[in-house]
Amino acid sequence: MLVLGIETSCDETGVALYDEQQGLLGHQLYSQVALHAQYGGVVPELASRDHVRKLIPLLEQLLQQCDKQRADIDAVAYTQGPGLIGALLVGAAVGRSLAWALGVPAMGIHHMEGHLLAPMLDNPLDFPFVALLVSGGHTQLMQVNALADYQLLGESIDDAAGEAFDKTAKLLGLGYPGGAVLAKLAQQGQPERYHFPRPMTRHAGLNFSFSGLKTFALTTWQNSAQDAQTRADIACAFEQAVVDTLVLKCQRAMQQTQLKRLVIAGGVSANLQLRQKLTFAAARWGGQVYYPRLEFCTDNGAMIAYAGFLRLKRGEFDPDLRFNARPRWSLS
Amino acid sequence: MSHANKLKYQQIYTVSSPEEMQALAGALAVQCVWPMMIFLQGDLGAGKTTFVRGFLRALGYQGTVKSPTYTLVEPYQFGAHKVYHFDLYRLNDAEELEYLGLRDYLSEQAVCLVEWPERGLGALPPADLWVKIEHAGANRLLSLWPKE
């Protein structure tokens, strides 16, 4: 079975082909490719989130990359939600109609399910496990018992961790989105100079709150000499606070669920401090931490193709030609 | 709460805590009529999302009020009434509102609270009310302004 995956839930336009025997054959992300051939040598400046004009050329590029024809596709999986209604509808409309034209089944996929299963694209990983999804848009702890059996353990009640990184970077004059720049600057900071609170760690529970840290950073910055070293010191204190909070909640989640395997996905999973501290923490609970390949940590088509493959394999598919987008859709 | 009375235009309210910000927003929410377009103006960390949280709490919403920076819009339903919380911070071009299908939201009989409306000017309908929040050290100064 060869499954085409389509992801258009927010900013990225992503497509991928997953084969039952050979695994992932290829994937394409609009922001990372030059679509010369498809546009006759001219690459137009497309507005971000203009999925309509990006999707078909990207699809053609994918087929070319994998040396496949449209007729080789056995099923189509598309992100049905959650996300932006207009963005989702593009992927759903293209996915559902392509499947209809080819006479193959289609399947609407939950975006977060794609993220949760993404580590399995490269490495075998057994259920059950705990997953921390931590990105610019999400901060969630999820218990993954089996395919389609998920339980939300905790989530951010305001800003996502990645969003707090990006906004704090902006407040420190590092541009937007500057989360990665902030993390790099933090390496030059003196860890002991400032101490930031670890939000929501004193109470039991697995929810997060990062909005206050952003304001704390701003106030600290405004009351400082605002020199280069201070900027690095604040970046360092901020990063430590976010990372410690994430690690502590992960540890609590592992204790609470009595599970050993932890998956970290989302853009923030690239953070080195987070990875280091989680490695130490995992040794304490006697477990292991898994990360998807970096390019599959952020939004992509491969995770949708894979989740779609697993669902289709067990006999699920859209019952008829109707399709809809689900901007708000709870996974658990 | 000291601000629980009817809010006045062009009066500057000094806000010293997130709780006070929410109380002020709550006072506005109970005065609010459907539909309404409210623009929220203020820098990062000024308390715009805190304001919206207070607004929604006063209408009876108990769940989490997440930042819509990533999703650009978060919808809330109160019986027949709808509240949309927009954040246009990540918008590169007002034209994107079209691609996102946001025009459909704007045409509904809803209360729209819009953060970073500057980034959608030209594509957004005019505001019925501007809420301005300014930093003043650890405090915030809040004021309401009628249509432009």
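Here the protein sequences come in this chain order: W and Z.
Position 19 of the first sequence, counting from 1, maps to 18 under numbering that gives the first Met the number 0, and the rest follow consecutively.
Position 93 of the second sequence, counting from 1, maps to 92 under numbering that gives the first Met the number 0, and the rest follow consecutively.
Beta carbons: idealized from backbone N, C-alpha and C, even for Gly.
Note to self: Alpha carbons only, please: which of Z/L99, Z/A109, Z/A22, Z/G136 is nearest the one belonging to Z/G119?
What the structure shows: Z/L99
| query | Can you give the Cα-Cα distance for W/I55 and Z/N91, rounded to whole angstroms? | reply | 23 Å
Worksheet item: Between W/Q257 and the rest of its own chain, which residues show a CB-CB distance below 7 Å, the 5 nearest in sequence each way excluded?
Response: none
Q. Based on the DSSP output, what are the partners of W/G113 in its beta bridges?
A. In DSSP, W/G113 forms no bridge with anything.
| request: Check distances from the C-beta atoms of the stretch 47 to 62 of chain W to those of chain Z and list, in chain order, the residues that come in under 8 Å. | output: S47, R48, D49, H50, V51
| said: Mapping the DSSP letters down to three states, classify Z/W115 as helix, strand or coil. | reply: coil
Determine the direct distance from the alpha carbon of W/E315 to that of W/Y175, and round the result to whole angstroms.
41 Å
Requested in this report: Can you grab the Cα-Cα spacing for the pair W/L173 / W/I263, in whole Å?
Outcome: 26 Å
For a quick check, are the C-beta atoms of Z/Q21 and Z/L6 less than 8 Å apart?
no
query = If you count every other CB in all the chains shown that lies within 10 Å of the CB of W/N270, and 16 or more means buried, which is it?
reply = buried
Give, in chain order, every unbroken run of the beta strand (DSSP E) that is at least 3 residues long and sits entirely within the stretch 143 to 182 of chain W.
148 to 154
Q. Does any residue of chain W bring its CB to less than 8 Å from the CB of Z/A137?
A. yes
Can you pull the chain Z neighbours of W/E335, defined as C-beta to C-beta under 8 Å?
In the structure displayed, chain W extends from 0 to 331; residue 335 of chain W sits before or after that span and is not available.
**Request:** Leaving out five residues on either side along the sequence, give the residues of the same chain with a beta carbon under 6 Å from the beta carbon of W/F308.
**Result:** Only residues of its own chain outside the window of five on either side were considered, and among them V2, Y17 have a CB closer than 6 Å to the CB of W/F308, listed in chain order.
Measuring straight from C-alpha to C-alpha, what distance separates W/F332 and Z/K47? The requested residue 332 of chain W does not occur in the structure, where chain W is confined to residues 0 to 331.
- Roughly how many angstroms lie between the CA atoms of Z/E97 and W/D121, to the nearest whole one? 37 Å
Quiz item: What number of angstroms, rounded off, separates the C-alpha of Z/D127 from the C-alpha of Z/E19?
Solution: 23 Å
Measuring only the C-alpha atoms, how far is W/D66 from W/L140? 38 Å
- Query: Beta-carbon separation of W/A281 and W/L311 under 8 Å?
  - Reply: no
| said: Among W/P198, W/K166, W/L217, W/T7, whose alpha-carbon lies nearest the alpha-carbon of W/R52? | reply: W/T7
| said: Could you check whether the Cβ of Z/P74 sits closer than 8 Å to any Cβ belonging to chain W? | reply: yes
Quiz prompt | Residue closest to Z/P17, alpha-carbon to alpha-carbon, out of Z/Y8, Z/M35, Z/Q76, Z/G44 | solution = With distances taken between Cα atoms, Z/P17 lies closest to Z/G44.
Please determine whether the Cβ atom of Z/Q30 lies at a distance below 7 Å from any heavy atom of the ligand SAH.
Absence of the ligand SAH from the depicted structure is noted, as is the absence of any ligand whatsoever, leaving it without description.
(request) Using a Cβ cut-off of 7 Å, pull out every chain Z residue sitting near W/T214, in sequence order please. (result) Chain Z residues near W/T214: G44.
Original post:
Of all the CB atoms in chain Z, is at least one closer than 8 Å to the CB of W/G368?
Top reply: Absent from the model: residue 368 of chain W. The displayed extent of chain W is 0 to 331, so no value can be given.
Open item on the list: Measuring only the C-alpha atoms, how far is W/L205 from W/L151?
Closed with: 10 Å
*Which term fits W/H35, buried or exposed, when burial requires 16 or more other beta carbons within 10 angstroms of its beta carbon?*
A caution first: W/H35 carries a pLDDT of 44, below 50, which makes its placement in the model too unreliable to give a value.
Exercise. What are the partner residues of Z/Q9, as DSSP defines its beta bridges?
Worked result: Beta bridge pairing from DSSP links Z/Q9 with no other residue.
Margin query: Is the separation between the beta-carbon of W/R325 and that of W/P81 shorter than 8 Å?
Written below: Yes, these two residues count as a Cβ contact at 8 Å.
**Prompt:** What are the boundary residues of the alpha helix (DSSP H) that W/D340 is part of?
**Reply:** Nothing about residue 340 of chain W can be reported from this structure: the residues present for chain W run from 0 to 331 only.
| message | In this structure, how does DSSP classify W/L131 when only helix, strand and coil are distinguished? | response | strand
Write down every uninterrupted run of the alpha helix (DSSP H) in the stretch 61 to 120 of chain Z whose length is 4 residues or greater and which is fully enclosed by it, in chain order.
95 to 98, 101 to 106
(request) With distances taken Cα to Cα, identify the nearest neighbour of W/K213 among W/Q228, W/A227, W/L181, W/R201. (result) W/L181
message: At the level of alpha carbons, what is the spacing between Z/Q10 and Z/A135?
response: Roughly 16 Å between the two C-alpha positions.
Take W/D10 as the anchor and find which of W/V89, W/G25, W/V75 has the nearest alpha-carbon. Looking only at W/V89, W/G25, W/V75, the smallest Cα-Cα distance to W/D10 is reached by W/V89.
task: Return helix, strand or coil for Z/W33, following the three-state DSSP convention.
output: Correct three-state label for Z/W33: coil.
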